[in-house]
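Here the protein sequences come in this chain order: A and B.
The first sequence begins at 1 in my numbering and counts up one residue at a time.
The second sequence begins at 1 in my numbering and counts up one residue at a time.
We treat Cβ as the ideally placed atom computed from N, Cα and C, and that holds for glycine.
2 protein chains.
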Amino acid sequence: MTNHGWILERRPVEKLDSDCFAWREVALPAVGPGSVRMKTLMLSLDPTNRIWASPVESYLPPVPLGEVMRGIAVGVVEESADPRWKAGDLVQGMLGWQERVVVPGAALNGLPPGVTPEQWFAVFGHIGLTAYFGLLDVGKAEAGETLVVSAAAGAVGSLVGQIGKNIGMHVVGIAGGAEKCRWITEDLGFDAAIDYKSEDVAKRLRELCPAGIDVDFENVGGEIMDACLGRLALRGRVVLCGMISQYNATGAPSGPKNLANVLMQRGRIEGFIVLDYLPRAGEAFGKLGEWLAAGKLQYATDVVLGLEHAPAALDRLFSGANRGKLMVKVADLP
Amino acid sequence: MTNHGWILERRPVEKLDSDCFAWREVALPAVGPGSVRMKTLMLSLDPTNRIWASPVESYLPPVPLGEVMRGIAVGVVEESADPRWKAGDLVQGMLGWQERVVVPGAALNGLPPGVTPEQWFAVFGHIGLTAYFGLLDVGKAEAGETLVVSAAAGAVGSLVGQIGKNIGMHVVGIAGGAEKCRWITEDLGFDAAIDYKSEDVAKRLRELCPAGIDVDFENVGGEIMDACLGRLALRGRVVLCGMISQYNATGAPSGPKNLANVLMQRGRIEGFIVLDYLPRAGEAFGKLGEWLAAGKLQYATDVVLGLEHAPAALDRLFSGANRGKLMVKVADLP
């Protein structure tokens, strides 16, 4: 049984792309006591992959050069020496960018019954937890408040806006291009959209948020965040979830100029990392499942076929090509 | 009885200085029912005066052109038609940059017995409340944590650092010049000082805060704040109290480049305005008075003699000339 995977060979200077990786055969150890051999079915691609490949210590250590790229994936158990799992079980965990892997059974979690790998990544998993806890726990979002979400047609943003609508907020999404803006308003039910590629974001925020922004769910950073800071309402909260506009930057990023408004408005900017919320995952899954079953959460998937395309596909997140949850189909469901 | 005051004649382009003001006779209405005529004794000068003179709506409306400059002052009641006050009472309130004023008695507060105008401005009043609630309520400061305070030899900063020591924190102050650094460490008991005029702030923060910064009490903004953001500890808090480095800026300010670290560290940047804490003033005054009586709060005053010098004196806050609480003595205590 051979196994292949993507090895991180070089640190990205700007983009994390094919130049940084090498497709190699990866040794597969025997399945010892407590461990499990998994076949990868679906690999999640996320903006944070760019952070993991950087040499900088962040919320996780950098992926070491010469090792398989870190990645969250859904797989099927092929062989198990852990009583928790048996062949055929669908599980998810940090399986890496490879066809197969042997991991401790304790490092895996099962998928809820009836949930497909696509649904898992698009609605539950790290994306769902990020949207749910970011908006409700960090952002302390309340019915009647105004929510602005950037990268609104992305995996997290599209959920955040819908959760906002489900709890009774006025929701404005910022996205790139007419089709994404149409999708979030017509299909997902956002109250309004701002096309940052063709519109003046600050001007449109003034029009669409006459009483200011109560919660800015920030996925982008840079100029878009700055425009939101300038429009923050009294006691407005900025959920600092991601800063995708900055991840590929080679020089020092330009910081927000409107920080003085955070002071004047008694605003709050708060960073968060979804890993901190894993112990409370059950809370979110229950509510997300309820909304999904009631037709109150739509999702889109952006599925790339074949693990060989993973390095090239990652750029879809940074170029604006992606809509909904980006993932790579590695193998068919058994 | 004549009355003179400083009229705001022009909006500041850069500095708020003598060019912006005119010394004029100001009409003094008769003392009607419920009102009081005050003689100004001591005027507080604060960085926020620069904000009030700007045309921008902030936490208070701009001072209208052609009106007496807004200012917090201590005065003595000369004539009262409000049963709460009698001639000879020492009171404080928004009396403005003028020799006398007639105001509603309801707009005044008495000074605690035995507290001088200097002590009132240096330890209690808006300065004491800012330091106390900013550090403890917004910053959620705890014993054993590391506190960094900028403008540490200023009125607020010097109190913040001492309150930090009084509750058992490790305290690092950032100030300009050897004498200020000596004062905050040797006289006020800070653990360490960084002279931003002669030292590399980011490098010194790495040395002096090996486990990172738990609370950054930020009075300065700009590059100094940026250095602190880059050194924030896990779940570190930035109390955004002031951004004096930005107030005189003519172009757009340069924003902090280290915002990504706020995300990684699950940090929080929170703006606050002391006015929100007026209802809880008693809490702070009790504790501040206790520390003062026990010799655990030192203070310095920077007293300029004569209301005619108020516009020129304001620049002491921005040029770094000031140490401790800046105020203008308008008249002798009766």
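According to DSSP, residues forming a beta bridge with residue i
i	result
B:Leu305	B:Lys329
A:Pro104	A:Ser35
B:Trp6	B:Trp23
B:Leu240	B:Glu218 and B:Gly271
B:Ala313	Partner(s): none; B:Ala313 has no beta bridge.
B:Asn109	B:Gln92
A:Gly289	According to DSSP, A:Gly289 bridges with nothing at all.
B:Gln98	B:Gly5
A:Gly324	A:Gly154
A:Ile213	A:Leu232
A:Gly255	B:Gly255
Residue i at chain A interface by Cβ criterion, 7 Å
i	result
B:Val262	yes
B:Ser150	no
B:Phe133	no
B:Ser54	no
B:Gly267	yes
B:Tyr59	yes
Cutoff 7 Å: residue i Cβ touching any chain B Cβ
i	result
A:Leu240	yes
A:Glu270	yes
A:Ile244	no
A:Ile174	no
Buried or exposed by the 16-neighbour rule on C-beta atoms within 10 Å, applied to residue i
i	result
B:Arg10	exposed
B:His170	buried
B:Gly128	buried
A:Asp216	buried
A:Arg280	exposed
A:Thr2	exposed
A:Gly32	exposed
B:Val13	exposed
B:Val56	exposed
B:Asp187	exposed
A:Ala30	exposed
B:Thr250	exposed
A:Pro64	exposed
B:His126	buried
B:Asp19	exposed
A:Ala143	exposed
B:Pro117	buried
B:Ser44	buried
B:Glu25	exposed
A:Met225	buried
B:Glu218	buried
Residue i Cβ short of 6 Å to the ligand SAM heavy atom set
i	result
A:Gly289	In the structure shown, the ligand SAM is absent, as is every other ligand, since no ligand is present at all.
**Study point:** Near-chain A residues of the segment 179–203 of chain B - C-beta to any C-beta below 9 Å
**Key:** none
Practice item. Ignoring anything shorter than 3 residues or poking outside the segment 29–93 of chain A, list the beta strand (DSSP E) runs there in chain order. Key: 35–44 and 72–80
Point to revise | Residues from the segment 248–260 of chain B in contact with chain A, defined by Cβ distance under 9 Å | key: Ala252, Pro253, Ser254, Gly255, Pro256, Lys257, Asn258, Leu259 and Ala260
Review point. Going along the chain, which unbroken runs of the beta strand (DSSP E) with 3 or more residues stay wholly within the segment 116–173 of chain A?
Key: 146–150
**Study point:** Interface positions of the segment 78–96 of chain B facing chain A (Cβ-Cβ less than 9 Å), listed along the chain
**Key:** none
Check your understanding: What residues in the segment 270–291 of chain B have a beta carbon less than 8 Å from any beta carbon of chain A?
Key -> Glu270, Gly271, Phe272, Ile273 and Asp276
Exercise for review: Enumerate, from N- to C-terminal direction, the unbroken beta strand (DSSP E) stretches of 3 or more residues contained entirely within the segment 172–200 of chain B.
Suggested key: 192–195
Check your understanding: Along the segment 8–40 of chain A, what residues have a CB closer than 7 Å to any CB found in chain B?
Key -> none
Check your understanding: Listed in chain order, which residues of the segment 208–223 of chain B have Cβ atoms closer than 8 Å to some Cβ of chain A?
Key -> Gly221
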